[in-house]
Every structure is written in structure tokens, then in C-alpha cells.
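Input: a single structure, listed below in C-alpha cells.
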């Protein structure tokens, strides 16, 4: 299972725009990898990530199995002020969910 | 005696009805998390070739090779030691971007990631992907009904698709 409570999200102002960096804690098994005993590990990967700024949805990411372990994303949002709330939710193929939230620094 | 029998019958009738209702709701999939994932494009992500994946994800459109997409793979560029974490950066001068997709040609399922930015999102977008072997990578942007595509070749030391 995914490690809970380790999703990290940082947002800061940079030249008037908001730079968002996301690091999720997730093993992202593709279903093709083997464990130490040579048994296949079941697929378990994040499929859907959605991102909000102050209740307005800004970005939807759909991931396939080729997203690396502990997925990392970085992008910028136009404008923004200190104290904006950036929220993120993800769902994986087993139905596990995660949520992370931060204020723009 | 009769009354007692009646009460018992009522009890079991009620039980039966609610059990059936629950079973029906469960069967309809309303209680399953799968419902949440209805929008995940399964066909596109399980496609085995780049063409099939793009067709399933973005529909029919002419591919236009374009320099308006800045696409960098690996660090240093075109090379990555570990295929499990290949850094990818995508930027573009195109306006009205509707959809962006990243594909790795020789992965078992080429489509790696796709995302839909709204007007507030500015590129560059950075992320990390798994790449199984030396392969072309494609960045595809749909903007104003056209598909723009850029290719980059990346060399991998250790394949990373486990």
C-alpha cells in the first residue's frame, strides 16, 4: 500500500507567478515488476490527479503506468498572491485516494 | 398464532427487500471506486502503439511537426542513467493549449501521461517518467484543433519499466 501522509506539495511566488511543485508518495507498480520471490506485483498506480487553486480547478493529470515511482510534477500558475490555497487530490487504480493542500508562500 | 406468523413474515419480507436493494446498488457500481475513474481513458493507456494511443486519446487529426514545442528529456539531455526516473520538461509558445500528452515509443504501453491545463496554467511542466529501453519520446500538444508533435531520442543505461 501507499505510504500515507507523505504527499508533499509546495507553492511559492516567483516573479509574480505561482510555482507549484508536487511530490506524491506512491509505489506506482506497473503490474510487470517482480518481488524478491519472483512473483508479479499487482498493478497499483495513480491514474487521476486534479489540482485546484482557491476552489477553481486548474489542472487535470491522467497518468499511465509509465509515471515514475513517487511521482513528481512541477508547473506554474499565472499570477497568484500569498495565501492562495493549492489543493490536490489523486486516485489510483485500486481506488486509494490522497489529498494534499498548501498555501502559497 | 396467526398474528405471530404474520409478524415473522413481515420481518423477513422487510429484510429481503432491503438486502435486494443493497445488492442492486452494489451491482450497479455506485458504491465502487471504479465509478470515480470513469474518465480515465483505458483504451488509450492500454494501446500498444503510438498511433493507437493517440487515436484513442485525442481522436483523428493531422500531426504537425513543430518547433513551437520545447521538449527536453533526460539529464544531461538525450541521456538518462536510470530509466525508472527520466526527467522530462515540456514548454511551448503555442496558445490555447487544450491537451498535452507524453509518449514513450518503445514502452509496453506508449502513452505515459496526459494532462489538461486550463488558462491559468503556464508551462514549463516538469515530471519524471519510466522508460524501458532506448527509445523515441513524443510530446503531443493539441491546440486549436491541431496536433503538434515533437520527438526526442533518449538513451537509457538501466531499463526502468519494472
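Chains as they are written, first to last, in my numbering: chain A, 5 to 109; chain B, 1396 to 1557.
For every residue, glycine included, the Cβ atom is placed at its ideal position computed from N, Cα and C.
query                                                                                                                             : result
Nonlocal neighbours in the same chain, by C-beta distance under 6 Å from residue 94 (chain A), ignoring five residues either side : 50, 53 and 102
Local Cβ density within 10 Å of residue 11 (chain A), reported as buried at 16 or more and exposed below that                     : buried
Interfacial residues, the stretch 44–77 of chain A to chain B, with Cβ spacing under 9 Å                                          : 45, 51, 52, 53, 55, 57, 60, 61, 62, 63, 64, 65, 66, 67, 68, 69, 70, 71, 72, 73, 74, 75, 76 and 77
Among A:109, A:107 and A:100, nearest to residue 29 (chain A) - alpha-carbon criterion                                            : A:100
Nearest-angstrom Cα separation, counted from residue 1536 (chain B) out to residue 16 (chain A)                                   : 27 Å
Complete runs of the beta strand (DSSP E) confined to the stretch 1466–1534 of chain B [at least 3 residues]                      : 1474–1477, 1481–1487, 1492–1499, 1506–1512 and 1516–1524
Residues near residue 1441 (chain B) by beta carbon distance below 8 Å, same chain, minus five either side                        : 1504
Residue 73 (chain A) classed as buried or exposed, judged by whether at least 16 other C-beta atoms fall within 10 angstroms      : buried
Minimum Cβ-Cβ distance from residue 1524 (chain B) to chain A less than 8 Å                                                       : yes
Sequence-distant residues of the same chain with beta carbon closer than 8 Å to residue 45 (chain A), five excluded per side      : 33, 35, 37, 38 and 39
Proximity test, Cβ basis, 8 Å: residue 41 (chain A) and chain B                                                                   : no
Three-state class that DSSP yields for residue 95 (chain A) in the structure shown                                                : strand
Short CB-CB distance (under 8 Å) between residue 1487 (chain B) and chain A                                                       : no
Cutoff 8 Å: residue 1428 (chain B) Cβ touching any chain A Cβ                                                                     : Caution is warranted here: a pLDDT of 44 is assigned to residue 1428 (chain B), below 50, making its placement in the model unreliable, and the coordinate value is therefore given only provisionally. True, the Cβ-Cβ gap to chain A drops below 8 Å.
Residue of B:1491, B:1464 and B:1472 minimising C-alpha distance to residue 1515 (chain B)                                        : B:1491
C-beta contact flag for residue 1518 (chain B) and residue 1487 (chain B) at 8 Å                                                  : yes
Buried/exposed call for residue 1542 (chain B), threshold 16 Cβ in 10 Å                                                           : buried
Euclidean distance between Cα positions of residue 89 (chain A) and residue 1402 (chain B)                                        : 57 Å
CB contact flag (residue 55 (chain A), residue 23 (chain A), <8 Å)                                                                : no
Top-ranked residue by Cα proximity to residue 1501 (chain B), from B:1463, B:1448 and B:1484                                      : B:1448
Residue 107 (chain A): first and last residue of the uninterrupted beta strand (DSSP E) it sits in                                : 101–107
Under the three-state DSSP convention, the category residue 1451 (chain B) falls into                                             : helix
CB contact check: residue 109 (chain A) to chain B, cutoff 8 Å                                                                    : no
Distance between beta carbons of residue 1510 (chain B) and residue 63 (chain A), contact taken as under 8 Å                      : 6 Å
Three-state secondary structure (DSSP) of residue 61 (chain A)                                                                    : strand
Chain B contact for residue 21 (chain A) (CB, 8 Å cutoff)                                                                         : yes
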